[in-house]
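If you count the sequence shown from 1, position 166 lands on 166 in UniProt numbering, and the numbers rise without skipping. Just so it is clear, CB atoms sit at the ideal spot from N, CA and C, and this is done for glycine as well.
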Amino acid sequence: MSVTYHYPRPALAVDCVVFGLDEEDLKVLLIRRGVDPFAGRWALPGGFVRLDETLDEAARRELREEAGIEKVYLEQLYTFGAVDRDPRERVVSVTYYALVKLSEHMVRAATDAREAAWFAIDDLPRLAFDHESIVDKAITRLRGKVRYAPIGFELLPKKFTLTQLQRVYEKVLGYELDKRNFRKKVAATGLLIELDEVEQDVAHRAARLYTFDEKTYRKLEKEGFLFEI
């Protein structure tokens, strides 16, 4: 026996906070809206969930369609459901945050987005809807999780120096770390593979390159290992 719902229901949407890191700042990807409401205003990539897709599928589709981004670390963040958050109708948004390697993603605006660009987290423009609150929530989550899960490696190239790794944590956390103490903690995890390679084409003394041992981490994770920086 099928059941038909006769009461009004809110629309369901997804919105994504995409973080990337360059030489200077931790950044967030924004799109300039091409349609009302808030046409011309910067906003997070996102849109309405289709009837035939899961929330995760909707989030990945919106990233692909609006910014040309695929195959990223994606995690559900929080649900925003203020009654007046969207002037069109009652809309509940399930939000996500994603981590990308900037060198591997050339963003491009599409569908209802006029433009796509990266902005430093401490220099964001005025955002549409309640997207400023969503970004704040995502930054808080990222700063908390980066301390106990190795998600910081998602912001780095496959091969990196210890200085680059430390810079990731400093940019995410928002303060400087003691170099000796940081490297001691990193070494204690046993999750870095030292490569027989050094940096290329640098003006200073070339530093040793490393890579993250994800296979070992997954094995240790099942055994109750706690990554902590």
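When burial is assigned at 16 or more other CB atoms within 10 Å of the CB, is residue i buried or exposed?
{"i": "residue 140", "result": "exposed"}
{"i": "residue 95", "result": "buried"}
{"i": "residue 210", "result": "buried"}
{"i": "residue 36", "result": "exposed"}
{"i": "residue 22", "result": "exposed"}
{"i": "residue 76", "result": "exposed"}
{"i": "residue 52", "result": "exposed"}
{"i": "residue 195", "result": "exposed"}
Check whether the Cβ atoms of residue i and residue j lie closer than 8 angstroms to each other.
{"i": "residue 63", "j": "residue 13", "result": "no"}
{"i": "residue 90", "j": "residue 34", "result": "no"}
{"i": "residue 28", "j": "residue 124", "result": "yes"}
{"i": "residue 206", "j": "residue 198", "result": "yes"}
{"i": "residue 3", "j": "residue 44", "result": "no"}
Relative to the C-alpha of residue i, which candidate in the options has its C-alpha closest?
{"i": "residue 182", "options": "127, 195, 168, 92", "result": "168"}
{"i": "residue 101", "options": "80, 152, 56", "result": "152"}
{"i": "residue 92", "options": "15, 196, 45", "result": "15"}
{"i": "residue 66", "options": "218, 143, 46, 54", "result": "46"}
{"i": "residue 149", "options": "196, 202, 174, 225", "result": "225"}
Which two residues bound the contiguous beta strand (DSSP E) that contains residue i?
{"i": "residue 76", "result": "73 to 80"}
{"i": "residue 63", "result": "Careful: residue 63 lies outside any beta strand (DSSP E), inside the alpha helix (DSSP H) at 55 to 67."}
{"i": "residue 46", "result": "46 to 48"}
{"i": "residue 97", "result": "91 to 99"}
{"i": "residue 20", "result": "11 to 21"}
On the DSSP bridge list, what partners appear for residue i?
{"i": "residue 210", "result": "160, 194"}
{"i": "residue 115", "result": "32"}
{"i": "residue 138", "result": "Beta-bridge pairing links residue 138 to no other residue."}
{"i": "residue 269", "result": "With the chain represented from 1 up to 229, any question about residue 269 goes unanswered, as that position is not in the structure."}
In the DSSP assignment, the alpha helix (DSSP H) including residue i goes from what residue to what residue?
{"i": "residue 182", "result": "179 to 189"}
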